[in-house]
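A quick write-up on the structure given underneath.
2 protein chains.
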Amino acid sequence: MLAQMKEELAQQRMENQKARQPIEKMSAEVVDSNPYSRLMALQRMGIVKDYERIREKAVAVVGVGGVGSVTADMLTRCGVGKLILFDYDKVELANMNRLFFTPDQAGLSKVEAAAKTLTFINPDVSIETHNYNITTVDSFDKFLDTIAHGGLQAGQPVDLVLSCVDNFEARMAINTACNELGLNWFESGVSENAVSGHIQFIRPGETACFACAPPLVVAENIDEKTLKREGVCAASLPTTMGITAGMLVQNTLKYLLNFGEVSDYLGYNAMNDFFPKMTLKPNTQCDDRHCLARQKEFAAKPKPVKEEVVEETNEQLHDDNEWGIELVDDSQPEEVAKPTEASNVTEGLRLAYEALVQDDTASANTVSAADVNLEDLMAQMKSM
Amino acid sequence: MLAQMKEELAQQRMENQKARQPIEKMSAEVVDSNPYSRLMALQRMGIVKDYERIREKAVAVVGVGGVGSVTADMLTRCGVGKLILFDYDKVELANMNRLFFTPDQAGLSKVEAAAKTLTFINPDVSIETHNYNITTVDSFDKFLDTIAHGGLQAGQPVDLVLSCVDNFEARMAINTACNELGLNWFESGVSENAVSGHIQFIRPGETACFACAPPLVVAENIDEKTLKREGVCAASLPTTMGITAGMLVQNTLKYLLNFGEVSDYLGYNAMNDFFPKMTLKPNTQCDDRHCLARQKEFAAKPKPVKEEVVEETNEQLHDDNEWGIELVDDSQPEEVAKPTEASNVTEGLRLAYEALVQDDTASANTVSAADVNLEDLMAQMKSM
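Listed in order, the protein sequences are those of chains A and B.
Counting in UniProt numbering, the first sequence runs from 1 upward without gaps.
Counting in UniProt numbering, the second sequence runs from 1 upward without gaps.
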């Protein structure tokens, strides 16, 4: 009886324990036991010059829900150096229609549950968790300090911030922090009806920030009558969230490891499998003073010189693609627009809310976010 | 000591046990404990008429690797009625750079490990596993019989077959079986260099089957010199595989639950975030006699009548989209081409290998798969 119990305990312990030991250096050796062989093969295939540089990168993921959890999972499996996770929510059974979390985790904090799973999957990744709401005054300061100094080099900022939150206030908090720090970040979102999503790459001073203009969302051409919001339960699908996370992490990898073209804005309409792209220039009347300061800095920089505020240690980044030049995909022309020129928005996209036209004709084309009712915004932004 | 051990055993058992009980009927109730609330919300949002019909659907997933495992995970979380998994491979640490499998599963058969995880995630889904190679003569018959009679209605076929395999022979086996049975299926693939993928919806007799023409793959415009194949280790990324699985399952949901437009072919080029679409008509000289028979059947059918060989019990399917009419996305025109008209292939796509031109001028535009060396094909198809 005791022997049987001992045996079962050993068995159960084995099932629960960490399944592999940390690995000192990524190997390209082609053996079944090497968890990095298929990633290091990207070098042999000519896609990435030095894949192992990913171990020097720190990425902050804000929001560990349907998009953020899969984002963290993908980055962990890719062997990123450090992940810093922010969330203050708990796992619920109602989240089981998306990838990553499992029913046994219901009731645990999302960051705690995620950290446990991610460390189990890849013990080589350093996982740091922050269980608070970044939009409160105290927590915002902690958030700002963490992304400003959470990089892998002592005192340095993280290499990239990924927004996977589901509300306007949190997006604005990330925007404010990244404008102040001059940190590049990706915004992401999925619509309330679960059939569209998008990612947007924001480079302070160089592209429109989140306060520059009403955010772009994918126009779904669905009968608006069917979109009545009862304000309770948004729909979600593992497909739309998985694709959005995939687009987000793929562009993160392209940015961090310097291959391919990083998209400034990429939308996804699930109804007809349409993926609109475009680029938004910053608003010279933006309400965020740090955005205006970054715009001045960017304008003053000689254009052939790289705008690499964050990535000072990464001389190899973008060496053949000066960021001031807009990326153009010749088979699907990418449009470049000023943020409030709604008529210039790529077909398949729309602004998340109506731009307010001010009396002053000189600024007729600008939007004042301060003039917009926050509650209205929150309701409208729920559809992101 | 014994008490302590008992306590730990109870704890470990709890961690390993199934975390929720089966649910008799999907509820739309908005409570944290309802795993279906966000899916049933698709009805309130006007996207899907009757979401719960997904419980009546049986889907076969052939290949439970990087794409197939995520495909099965998504369908499980969506609450599909029945999943039939085919694979004969084992989980390896070298698979850890993709989503789904965990290091503790190394050494287990993929179908066994997947079934355990999927049942844990959603005990409402019936999971059936087949641990064999469908391309051997005996196993092919078992495969054919399983998809012909594995539906949720006794004796009926499955509702859809999803190909997530990584080689030419297995794709041809699925093609042969589905042509014979008149079963609709999706082909999917990811390139050897990890930066492109595609899905293709094959409706026997109505669209090009896999033997009608060289398969379409995404042209990546990457210097071919960098693509030298050392024949050992393909690169892979969780992003590309997750996006491909997401496109596959999203179109599966649109097809099974009758919403949006199901894409005939959707490609993905990660380098520039380009997603080409097109439709391929069947080849009237196809080498597969069942394909030719399905073409005759389709041609003989009055066009306003639905071609629903598989979905006889689903009168609601496609009621406003007769499948003989090609879907056209007006913002990104979809091209319709005969399979061997290479010049008509949508920009961003290419045929996987060169079409052989025969002496007979009457069939100069056709391809004879039998004339192609199988080893060459296997090598070329590895890039899918």
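For every residue, glycine included, the Cβ atom is placed at its ideal position computed from N, Cα and C.
Give a yes or no on whether the C-beta atoms belonging to residue i and residue j are separated by under 8 angstroms.
i, j, result
"B:PHE275", "B:LEU266", "yes"
"A:ILE54", "A:LEU85", "no"
"residue 434 of chain B", "B:TYR88", "Nothing about residue 434 of chain B can be read from this structure; chain B reaches only from 1 to 384."
"B:LEU248", "B:PHE168", "no"
"B:CYS78", "A:ASN97", "yes"
"B:ALA245", "B:VAL70", "yes"
"A:ILE134", "A:VAL62", "yes"
"A:VAL67", "A:SER188", "yes"
"B:LEU9", "A:LEU9", "yes"
"B:LEU183", "B:HIS198", "no"
"B:SER163", "B:ILE147", "no"
"B:ALA234", "A:ALA235", "no"
"A:THR136", "A:GLU112", "no"
Thinking C-alpha only, which one of the options is nearest residue i?
i, options, result
"A:GLU220", "A:GLY348, A:HIS149, A:TYR353 and A:LEU253", "A:GLY348"
"A:LEU152", "A:ASP124, A:GLU92, A:ILE202 and A:LYS82", "A:LYS82"
"B:LEU351", "B:VAL218, B:THR136 and B:ALA234", "B:VAL218"
"residue 394 of chain A", "A:PHE201, A:PRO302 and A:LEU216", "In the structure as shown, chain A starts at 1 and stops at 384, and residue 394 of chain A therefore has no counterpart that could be examined."
"A:ASN193", "B:GLU192, B:ALA3 and B:SER37", "B:SER37"
"A:GLU206", "A:ARG294, A:ALA115 and A:ILE199", "A:ARG294"
"B:VAL345", "B:CYS233, B:PRO214 and B:GLU8", "B:PRO214"
"A:LEU75", "A:PHE298, A:ALA10 and A:THR117", "A:THR117"
"B:SER196", "B:LYS6, B:PHE140, B:MET271 and B:VAL80", "B:MET271"
"A:PRO123", "A:PHE298, A:TYR255, A:GLU7 and A:ARG20", "A:ARG20"
"B:ALA114", "B:LYS142, B:THR136, B:GLY65 and B:GLY150", "B:GLY65"
"B:TYR255", "B:MET172, B:ILE47 and B:THR129", "B:ILE47"
"A:PRO22", "B:PHE143, B:LEU93, B:MET278 and B:ASP166", "B:LEU93"
"A:LEU257", "A:SER27, A:VAL80 and A:TYR353", "A:VAL80"
By a C-beta neighbour count over all protein chains shown, 10 Å radius and 16 as the cutoff for buried, is residue i buried or exposed?
i, result
"A:GLY107", "exposed"
"B:LYS49", "exposed"
"A:ASP138", "exposed"
"residue 390 of chain A", "Shown here, chain A extends from 1 to 384; a query on residue 390 of chain A therefore has no answer."
"A:ALA300", "exposed"
"A:THR226", "Reliability fails at A:THR226, whose pLDDT of 40 lies under 50, so the model's placement of it is uncertain and the value that follows must be treated cautiously. Exposed, since its Cβ has fewer than 16 Cβ neighbours within 10 Å."
"A:ARG44", "buried"
"A:GLN4", "exposed"
"B:PRO302", "exposed"
"A:LEU253", "buried"
"A:LEU2", "exposed"
"B:ASP273", "buried"
"A:LYS110", "buried"
"A:ASP73", "buried"
"A:PRO282", "buried"
"B:GLY150", "buried"
"A:ALA154", "exposed"
"A:PRO204", "buried"
"A:LYS6", "exposed"
"A:LYS25", "exposed"
"A:ASP166", "buried"
"A:CYS286", "buried"
Touching or not, the region 285 to 301 of chain A and the region 236 to 243 of chain A, by the rule of three or more beta carbon pairs under 8 angstroms? no
With three or more C-beta pairs closer than 8 angstroms as the rule, is the region 141 to 160 of chain B touching the region 54 to 65 of chain B? yes
Are the region 162 to 182 of chain A and the region 98 to 112 of chain A in contact at 8 angstroms, needing three or more beta carbon pairs? no
Taking 8 angstroms as the threshold, find out whether the region 23 to 35 of chain B comes into contact with the region 195 to 210 of chain B through three or more Cβ pairs. Short answer: they don't touch.
Please give the ranges of any alpha helix (DSSP H) in the region 277 to 301 of chain A, keeping only runs that are unbroken, at least 4 residues long and fully inside the region. Here the runs fully enclosed are 289 to 300.
Quick one: which unbroken alpha helix (DSSP H) runs of 4-plus residues sit fully inside the region 98 to 166 of chain B? Chain order, please. 110 to 121 and 137 to 149
Within the region 167 to 236 of chain A, note down every full alpha helix (DSSP H) run reaching 4 residues or more, in order along the chain. 168 to 181
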